[in-house]
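8 is the number of the first residue of the sequence shown in the working numbering; add one for each residue after it.
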Amino acid sequence: MSDIPASDQAVTERRDHKRGKRDRRTSERPRLGRFNFSGAASLISPRVVTGGARLIEFVLIAALGYGIFYAYVDDAPGLPEHIGQLLYIVAILAAAAVSVLSFQAFHLYDITILSSAMRQVARVWTAWTLIFAVLLAFAFFAKLGQEFSRVWAAVWYSSSLGALAVFRISLSVAVRKWAKLGRLTRRAVIVGGGPEARKLIRALEASRDTDIQIYGVFDDRSDKRVANRIAGYPKLGNIDQLTKFGREK
């Protein structure tokens, strides 16, 4: 009875070894492969990128709102000096905060969205338009419409559209560049070179928006039992060597 599992294991290992030979013969580089270890660039945390984007967009919206208010409305006759300014400042800060929170709710700070200029600009414009419409409706029903300049609102809305578009396009260029250099990707190795490892690799490769790059595979079994390449990815050593590899990379 004990010979059967051993026989099955031997068959599996021979099958894996044959697959490895086919992997070595193929010239196509694995889609998630990262084999240039010495040239690995320093990583940039996606949280830093998304956090910076939130802060910049908050400042952009608020600065434009207050700048237009200061240039146009502040000198307009009939505006109560203190109450009017306070209403504008509250409205500006509320709009900027709600915008950032709404962009987050619409997943507009996901790295995959930030890398696509057209996808994010269209969504940001839609979200900003909806937010502005809600704020205008609130001002109308709260009977605050007379306190705010229509020219100020129109210029703030349109200038924010332009500023957000320019920022998002610039950010998408930077994100794509960082992704190409491998600075925004998660770097991984596969432990174990059996059929399950092959299935995992294929599943990761099938994901269109994955941010994972695979260095290779670590397995304690000898080269006679495990191929030098698994699904196109090199076997880098055994589990003991994995610890050293992790420290170096």
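Every residue gets a Cβ at the ideal spot worked out from N, C-alpha and C, and that includes glycine.
Nearest-angstrom Cα separation, counted from residue j out to residue i
| i | j | result |
| --- | --- | --- |
| Gly74 | Lys150 | 24 Å |
| Arg183 | Gln153 | 46 Å |
| Arg61 | Val107 | 6 Å |
| Ala170 | Leu67 | 7 Å |
| Pro84 | Trp163 | Low confidence applies here, because Pro84 scores a pLDDT of 48, under 50, leaving its location unreliable and the question unanswered by this model. |
| Ile246 | Phe225 | 6 Å |
| Leu168 | Ile63 | 14 Å |
| Ile237 | Arg205 | 7 Å |
| Ile221 | Tyr116 | 25 Å |
| Ile138 | Ser214 | 33 Å |
| Ala101 | Leu207 | 46 Å |
| Ala70 | Gly201 | 57 Å |
| Tyr240 | Gly223 | 5 Å |
| Gly253 | Gly72 | 49 Å |
| Val141 | Trp135 | 10 Å |
| Met125 | Ala144 | 29 Å |
| Lys242 | Thr250 | 15 Å |
| Ser123 | Lys187 | 14 Å |
| Ser177 | Ser166 | 17 Å |
| Ala112 | Ala195 | 29 Å |
| Arg209 | Val180 | 29 Å |
| Arg130 | Asp227 | 49 Å |
| Arg32 | Ala234 | Interpretation of Arg32 is limited by its pLDDT of 43, a score under 50 that renders its predicted location unreliable; no figure is taken from the coordinates. |
| Gly189 | Tyr95 | 44 Å |
Element boundaries [beta strand (DSSP E), containing residue i]
| i | result |
| --- | --- |
| Ala234 | Run containing Ala234: none; DSSP gives neither H nor E here. |
| Gln220 | 219 to 225 |
For residue i, three-class secondary structure by DSSP
| i | result |
| --- | --- |
| Thr93 | Per the sequence shown, the amino acid found at residue 93 is Leu instead of Thr. In the structure shown, Leu93 sits in a helix (DSSP, three-state: H, G or I). |
| Ala69 | helix |
| Ser109 | helix |
| Lys150 | coil |
| Val18 | Here the model assigns Val18 a pLDDT of 46, short of 50, so the residue's position is not dependable, and the following value carries that caveat. Three-state DSSP puts Val18 in a helix. |
| Pro51 | Just to set this straight, residue 51 is Ile in the shown sequence, not Pro. Ile51 falls in the coil class under three-state DSSP. |
| Arg254 | helix |
| Glu62 | In the sequence as presented, Glu is not what sits at residue 62; that position holds Leu. Correct three-state label for Leu62: helix. |
| Leu249 | helix |
| Leu100 | helix |
Unbroken alpha helix (DSSP H) run spanning residue i, endpoints
| i | result |
| --- | --- |
| Ile176 | 157 to 187 |
| Val80 | Per DSSP, Val80 belongs to no alpha helix (DSSP H) and is neither H nor E. |
| Ile197 | Unbroken run through Ile197 is the beta strand (DSSP E), 193 to 198; no alpha helix (DSSP H). |
| Ile208 | 202 to 213 |
Residues that residue i bridges to, as DSSP identifies them
| i | result |
| --- | --- |
| Tyr240 | Ile237 |
Fully enclosed by the stretch 118 to 143, which alpha helix (DSSP H) runs are 4 residues long or longer?
118 to 121
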